[in-house]
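**Q** One structure is given below, represented as structure tokens, and several questions about it will come after.
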Amino acid sequence: MKSRLAIIILAFCAFTGANLYASDILTLAKASELALARSKTLQQALLSVDSSLIAEKAQGYETLPQASLSLGGGLSYPTSSGATVADSTSLSASLSLSQTIYDGGKNAVLAAIDKLATKSAREEARAAYLDVIESTEKAYYAVLEAQAGMEAAESDLVAAKAHQSIAQAKFDAGMVIKAAVIEAQAETAAKETSLSQATKTLAVAKAKLKSITGVGAQPQAVDFLAYGTLMTTLMTQGDQATDSMIAKLNATALSNNPAIAVSTIAVAQAESEIAAARTAYLPTVSAAWSHEASYTAVGGVDLASGGGFSITVSVPLDFCATKNAVEAKGVEAQKAALSKDIGVDNLSLEIQSAAYDLISAARSVSSSQKALEYAESSYSVELERYKLSKASSSELSDAEALVSSSRSALISARYAFLSGISTLKNLAGLDGDSLLLALSR
Numbered sequence: 391m392k393s394r395l396a397i398i399i400l401a402f403c404a405f406t407g408a409n410l411y412a413s414d415i416l417t418l419a420k421a422s423e424l425a426l427a428r429s430k431t432l433q434q435a436l437l438s439v440d441s442s443l444i445a446e447k448a449q450g451y452e453t454l455p456q457a458s459l460s461l462g463g464g465l466s467y468p469t470s471s472g473a474t475v476a477d478s479t480s481l482s483a484s485l486s487l488s489q490t491i492y493d494g495g496k497n498a499v500l501a502a503i504d505k506l507a508t509k510s511a512r513e514e515a516r517a518a519y520l521d522v523i524e525s526t527e528k529a530y531y532a533v534l535e536a537q538a539g540m541e542a543a544e545s546d547l548v549a550a551k552a553h554q555s556i557a558q559a560k561f562d563a564g565m566v567i568k569a570a571v572i573e574a575q576a577e578t579a580a581k582e583t584s585l586s587q588a589t590k591t592l593a594v595a596k597a598k599l600k601s602i603t604g605v606g607a608q609p610q611a612v613d614f615l616a617y618g619t620l621m622t623t624l625m626t627q628g629d630q631a632t633d634s635m636i637a638k639l640n641a642t643a644l645s646n647n648p649a650i651a652v653s654t655i656a657v658a659q660a661e662s663e664i665a666a667a668r669t670a671y672l673p674t675v676s677a678a679w680s681h682e683a684s685y686t687a688v689g690g691v692d693l694a695s696g697g698g699f700s701i702t703v704s705v706p707l708d709f710c711a712t713k714n715a716v717e718a719k720g721v722e723a724q725k726a727a728l729s730k731d732i733g734v735d736n737l738s739l740e741i742q743s744a745a746y747d748l749i750s751a752a753r754s755v756s757s758s759q760k761a762l763e764y765a766e767s768s769y770s771v772e773l774e775r776y777k778l779s780k781a782s783s784s785e786l787s788d789a790e791a792l793v794s795s796s797r798s799a800l801i802s803a804r805y806a807f808l809s810g811i812s813t814l815k816n817l818a819g820l821d822g823d824s825l826l827l828a829l830s831r
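Just add 390 to the spot in the sequence shown (first one is 1) and you have this note's numbering.
This is the structure in structure tokens:
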């Protein structure tokens, strides 16, 4: 049984293109496709949709007439001389039909509840779909961030070894004391340790991405220039523009966030449960018809040996129990409404926090980029000064550390920005580039 979400996933896979498998480079679109296909959580959610559809059909069948057919037969031992077993043979067949004529609208209300349950299951499946997309994107970016971190650690090690080599040459020439060489050696050892840790971090990130996608291909590098316009917009906008952006995100989330949709449906279900409980006050009218045919060896075939038609009216008298049930459903409806309000408030706070984090990350990218440029220029100057013995070993070490910290800050800011987009997309209930287009306006 196919659900609407299954069709969405198939469409998503189709739009990713036929050339995704043409190389060993793992694109983000390909990673998402593979993750969607492998996700057990998403498969469970889709099965829940199918189960809800089956329950919905089953409730629909309750409005149809109920039919039954019974057949019987018997033999008796001969009780007189000359009689045979065939003389005592008897056969019977009966057909009965029953139909509820009026049930106070109970079946209609229950059918509406089942439809809401199916709708809720679809929204939960969509939530699972968006969660898979978000987790895949973040795992994908984590590998790229770890890769950049390892490359940065390698660069730091190269710089430390160059520092150590110069210090050793100066010591051999009697220009510095042994302590300067030991200090440089210690820094090199520390950078080797950092590289080892960065390598481990990359291996763990790759393992996580592989567990999600099922492949160990190298993720395609992100073109950060493509986000330049968005970053500039977020960095330069004032408080009023930021508030307007957050308001738009909140409005989008209220319409598209599956968790809010589920809570809204839960409120409607709870209200329908109240209506279903109230039907217990009303009488139930049902009709039944039966017809029987029989055969005996003595009397032969009788096509109308029994049967009849009846109408039954059932009037409930346990009003206290019904009232109690209605009140209980009313309390549940109030709880559902409060849960929805809490969910809306929490979502609004999460969106506000995620939006500010995204803006902060965009500004950090810009400032970190400038800081790295300044740090690299400063390092080049200090390195030449150290070669000419116009700078101390500590001054060169400080310049190296500034380059290292600035580079790490830039890497962290870039991928925090990308992860922030993924978070906002999930909160707003969007996928693809819809959020980017909305934020860039």
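Ideal Cβ positions, reconstructed from N, Cα and C, are used throughout, including at glycine.
Given the structure is predicted, the values throughout are model-derived calculations rather than measurements.
1. Return the CA-CA distance between LEU814 and GLN608, expressed in angstroms with no decimal places.
2. Do the stretch 677–691 and the stretch 529–540 touch if we need at least three Cβ pairs shorter than 8 angstroms?
3. Which two residues bound the contiguous alpha helix (DSSP H) that contains SER480?
4. Taking buried to mean at least 16 other C-beta atoms within 10 Å of its own C-beta, is PRO702 buried or exposed?
5. Secondary structure at GLY495, three-state DSSP: helix, strand or coil?
6. Give me the residue from SER784, THR417, LYS447 and LEU820 with the minimum Cα distance to GLY606.
7. What does the Cβ neighbour count give for TYR617, buried or exposed, with the cut at 16 atoms within 10 Å?
8. Please list the terminal residues of the continuous beta strand (DSSP E) segment that includes THR686.
9. Is the distance from the Cβ of LEU800 to the Cβ of SER758 below 9 angstroms?
10. Have a look at ALA435 and SER510 and give me their C-alpha separation to the nearest angstrom.
11. Taking all protein chains shown into account, do 16 or more other C-beta atoms lie within 10 angstroms of the C-beta of SER442, making it buried, or fewer, making it exposed?
12. Quick one: using the 10 Å Cβ neighbour count with 16 as the cut-off for buried, is TYR764 buried or exposed?
13. Hey, could you find the ends of the alpha helix (DSSP H) GLY720 is sitting in?
14. Tell me whether GLY407 is buried or exposed, calling it buried when 16 or more other Cβ atoms sit within 10 Å of its Cβ.
15. Does DSSP put GLY628 in a helix, in a strand, or in coil?
16. Pick helix, strand or coil for GLN610, following the three-state DSSP scheme.
17. State the Cα-Cα distance for the pair ASP440 and ILE523, rounded to the nearest angstrom.
18. Quick one: is ILE602 buried, meaning 16 or more other Cβ sit within 10 Å of its Cβ, or exposed?
19. Sorted by chain position, which residues of the same chain lie with C-beta nearer than 8 angstroms to SER438's C-beta, five sequence neighbours on each side aside?
20. Hey, how far is the Cα of ASP747 from the Cα of LEU644?
21. Any heavy atom of the ligand NAD closer than 8 angstroms to the Cβ of TYR519?
22. Confirm, please, whether the CB-CB distance from ILE811 to GLN610 is below 9 angstroms.
**A** Taking the coordinates as given:
1. Sequence index remark: in the sequence shown, residue 814 carries index 424 (1-based). Sequence index remark: in the sequence shown, residue 608 carries index 218 (1-based). Approximately 26 angstroms, taken between the alpha carbons.
2. No contact exists between the stretch 677–691 and the stretch 529–540.
3. Reading the sequence shown from its first residue, position 90 is the one you call residue 480. That residue, SER480, is in no alpha helix (DSSP H); its beta strand (DSSP E) goes 480–492.
4. The residue you call residue 702 lines up with position 312 of the sequence shown. Reading the sequence as shown, one finds Thr at residue 702 and not Pro. With fewer than 16 Cβ atoms within 10 Å of its Cβ, THR702 is classed as exposed.
5. Working through the sequence shown from its first residue, we reach residue 495 at position 105. In the structure shown, GLY495 falls within a coil segment according to DSSP collapsed to helix, strand and coil.
6. In the sequence shown, counting from the first residue as 1, residue 606 sits at position 216. Nearest option by C-alpha distance: THR417.
7. Walking along the sequence shown from the start, residue 617 turns up at place 227. TYR617 is buried by the Cβ-count criterion.
8. As a working note, residue 686 is residue 296 in the sequence shown. Its beta strand (DSSP E) spans residues 674–686.
9. Counting from one through the sequence shown, the residue named residue 800 turns up at place 410. Counting from one through the sequence shown, the residue named residue 758 turns up at place 368. Yes, they are a contact pair.
10. Here the question's residue 435 lines up with position 45 in the sequence shown. Here the question's residue 510 lines up with position 120 in the sequence shown. The alpha-carbon atoms of ALA435 and SER510 are separated by roughly 11 angstroms.
11. As a first step, residue 442 must be located in the sequence shown, where it is residue number 52. Result: buried.
12. The residue labelled residue 764 in the question sits at position 374 within the sequence shown. Label assigned to TYR764: exposed.
13. Counting from one through the sequence shown, the residue named residue 720 turns up at place 330. Segment 709–777, the alpha helix (DSSP H) holding GLY720.
14. Walking along the sequence shown from the start, residue 407 turns up at place 17. Here the model assigns GLY407 a pLDDT of 41, short of 50, so the residue's position is not dependable, and the following value carries that caveat. By the neighbour-count rule (16 or more Cβ atoms within 10 Å), GLY407 is not buried but exposed.
15. Counting from 1 along the sequence shown, the entry for residue 628 is found at position 238. In the structure shown, GLY628 sits in coil (DSSP, three-state: anything other than H, G, I, E or B).
16. Locating residue 610 in the sequence shown gives position 220, where the first residue counts as 1. In this structure, GLN610 counts as coil in the three-state DSSP scheme.
17. Taking the first residue of the sequence shown as 1, we reach residue 440 at position 50. Taking the first residue of the sequence shown as 1, we reach residue 523 at position 133. If I take the Cα positions, the gap works out to 22 angstroms.
18. Looking up residue 602 in the sequence shown gives position 212. Under this definition ILE602 is a buried residue.
19. Here residue 438 refers to the residue found at position 48 when the sequence shown is read from its first residue. Same-chain partners within the cutoff: ALA511, GLU514 and ALA515.
20. Along the sequence shown, read from residue 1 onward, the residue named residue 747 stands at position 357. Along the sequence shown, read from residue 1 onward, the residue named residue 644 stands at position 254. When rounded, the distance between both Cα atoms is 21 angstroms.
21. As for the ligand NAD, it is missing from this structure, which has no ligand bound.
22. Walking along the sequence shown from the start, residue 610 turns up at place 220. Walking along the sequence shown from the start, residue 811 turns up at place 421. Not a contact, by the Cβ cut-off of 9 angstroms.
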